Amino acid sequence: MGAVATTVVVPPAEEVPLADGREFLRLRVSDRLGITLGEFFDRVDAGEYDTTEDASILRLVMAVPYAR
(Lines of atoms letter the chains of each structure in order from A and count residues from 1; the text may use other names and numbers.)
(Lines give C-alpha, C1' and ligand atoms only; values in the text may rest on other atoms or scores of the structure.)
Protein backbone atom coordinates (compact mmCIF):
# COMPACT_ATOMS: atom_id res chain seq x y z
CA MET A 1 0.00 0.00 0.00
CA GLY A 2 1.57 3.30 -1.09
CA ALA A 3 1.32 6.80 0.27
CA VAL A 4 -1.67 8.87 -0.77
CA ALA A 5 -0.85 12.28 -2.23
CA THR A 6 -2.80 15.12 -0.68
CA THR A 7 -3.08 18.68 -1.88
CA VAL A 8 -3.62 21.36 0.73
CA VAL A 9 -4.82 24.75 -0.46
CA VAL A 10 -4.09 27.59 1.94
CA PRO A 11 -5.99 30.81 1.24
CA PRO A 12 -4.00 34.03 1.24
CA ALA A 13 -3.80 35.76 4.61
CA GLU A 14 -5.85 38.89 5.07
CA GLU A 15 -4.51 41.67 7.23
CA VAL A 16 -6.85 43.01 9.86
CA PRO A 17 -6.63 46.78 10.32
CA LEU A 18 -5.38 47.59 13.83
CA ALA A 19 -8.45 49.70 14.61
CA ASP A 20 -10.72 46.77 13.73
CA GLY A 21 -8.68 44.37 15.84
CA ARG A 22 -8.78 46.73 18.82
CA GLU A 23 -12.53 47.24 18.55
CA PHE A 24 -13.15 43.49 18.17
CA LEU A 25 -11.08 42.72 21.26
CA ARG A 26 -12.37 45.70 23.28
CA LEU A 27 -15.97 44.53 22.89
CA ARG A 28 -15.21 40.94 23.77
CA VAL A 29 -13.03 41.81 26.77
CA SER A 30 -15.72 44.13 28.08
CA ASP A 31 -18.46 41.50 27.59
CA ARG A 32 -16.47 38.54 28.96
CA LEU A 33 -14.40 40.13 31.73
CA GLY A 34 -16.08 43.47 32.42
CA ILE A 35 -12.79 45.38 32.19
CA THR A 36 -11.26 47.86 29.77
CA LEU A 37 -8.94 46.83 26.98
CA GLY A 38 -6.10 48.71 28.68
CA GLU A 39 -6.62 46.78 31.91
CA PHE A 40 -6.73 43.53 29.95
CA PHE A 41 -3.42 44.37 28.26
CA ASP A 42 -1.90 45.15 31.67
CA ARG A 43 -3.08 41.79 33.03
CA VAL A 44 -1.77 39.92 29.98
CA ASP A 45 1.60 41.68 30.31
CA ALA A 46 1.72 40.82 34.03
CA GLY A 47 1.15 37.14 33.24
CA GLU A 48 -2.19 36.91 35.04
CA TYR A 49 -3.64 34.63 32.36
CA ASP A 50 -0.54 32.48 31.78
CA THR A 51 -1.95 29.47 33.62
CA THR A 52 -5.65 29.83 32.88
CA GLU A 53 -7.48 26.89 31.41
CA ASP A 54 -10.55 28.98 30.61
CA ALA A 55 -10.94 28.64 26.84
CA SER A 56 -12.83 31.92 26.49
CA ILE A 57 -9.97 33.84 28.14
CA LEU A 58 -7.38 31.99 26.08
CA ARG A 59 -9.21 33.07 22.91
CA LEU A 60 -9.01 36.69 24.08
CA VAL A 61 -5.30 36.37 24.82
CA MET A 62 -4.67 34.87 21.38
CA ALA A 63 -6.35 37.90 19.79
CA VAL A 64 -3.98 40.40 21.47
CA PRO A 65 -1.54 40.58 18.50
CA TYR A 66 -4.41 41.84 16.31
CA ALA A 67 -5.08 44.71 18.71
CA ARG A 68 -1.58 46.00 19.38
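Be aware that the sequence shown starts at 4, since it is given in this note's numbering, and climbs by one per residue. Positions of the beta carbon are idealized from the N, C-alpha and C atoms, including for glycine. Bear in mind the structure is a predicted one, so any value in this text is a computation, not a measurement.
Quiz prompt | Nearest-angstrom Cα separation, counted from ASP23 out to ARG46 | solution = As a position in the sequence shown, residue 46 is number 43, starting the count at 1. As a position in the sequence shown, residue 23 is number 20, starting the count at 1. Inter-residue distance for ARG46 and ASP23 is about 21 Å (C-alpha atoms, whole angstroms).
Quiz item: Can you tell me the Cα-Cα spacing of GLY50 and LEU61, whole angstroms?
Solution: Numbered from 1 along the sequence shown, position 47 holds the residue referred to as residue 50. Numbered from 1 along the sequence shown, position 58 holds the residue referred to as residue 61. Going by the C-alpha atoms only, they are around 12 Å apart.
Quiz prompt | Cα-Cα separation between ARG29 and MET65, rounded to whole angstroms | solution = Here residue 29 refers to the residue found at position 26 when the sequence shown is read from its first residue. Here residue 65 refers to the residue found at position 62 when the sequence shown is read from its first residue. Roughly 13 Å between the two C-alpha positions.
Practice problem: Sort PHE44, ARG31 and GLU42 by Cα distance to SER59 and report the nearest one. | Solution: On the sequence shown, residue 59 is found 56 positions in, with the first residue counted as 1. Ranking PHE44, ARG31 and GLU42 by Cα distance to SER59 puts ARG31 first.
Exercise. Measure the alpha-carbon distance for THR9 versus PRO15 and round it to whole angstroms.
Key: Looking up residue 9 in the sequence shown gives position 6. Looking up residue 15 in the sequence shown gives position 12. Rounded to whole angstroms, the gap between the alpha carbons of THR9 and PRO15 is 19 Å.
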